[in-house]
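Student:
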């Protein structure tokens, strides 16, 4: 059985974006070699909004949105929480 690990990123600066790129590059390897699957279900930033999607956020789209200086809000499938605590509970 393949395990699916769900991640929520509180912050999507240099480290969060590097982690997202690493997941994109190594995702297939994690699945085939270790049987690990992942979904990033939430990203919250101070400047670029918040996205929560229980079925997973498209990381390539999220990275492109940030690079363009736009908001993550259109990637959301759930209402935007008001603070970090609500964000964590929602994810």
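In my numbering, the protein residues as written are 1303 to 1393. Note that CB positions come from ideal geometry on N, CA and C, so glycine has one too. Source: prediction; values computed, not measured.
#1: Could you check which residue in 1364, 1390, 1377 has the C-alpha nearest to that of residue 1320?
#2: CA-CA distance, residue 1329 and residue 1359?
#3: Is there contact between the segment 1367-1385 and the segment 1339-1353, where contact requires at least three CB pairs shorter than 8 Å?
#4: In three-state terms, what does DSSP make of residue 1318?
#5: Can you grab the Cα-Cα spacing for the pair residue 1348 / residue 1315, in whole Å?
Tutor: Short version:
#1: Here residue 1320 corresponds to residue number 18 of the chain shown, with the count starting at 1. Considering only alpha carbons, the answer is 1364.
#2: As a working mapping, residue 1329 is identified with position 27 in the chain shown. As a working mapping, residue 1359 is identified with position 57 in the chain shown. When only Cα atoms are considered, residue 1329 and residue 1359 end up about 14 Å apart.
#3: Contact holds: three or more Cβ-Cβ distances are below 8 Å.
#4: In the chain shown, counting from the first residue as 1, residue 1318 sits at position 16. The three-state reading of DSSP puts residue 1318 in helix, counting H, G and I together.
#5: For the purposes of this step, residue 1348 is taken as the residue at position 46 of the chain shown. For the purposes of this step, residue 1315 is taken as the residue at position 13 of the chain shown. Cα to Cα, the separation comes out at about 10 Å.
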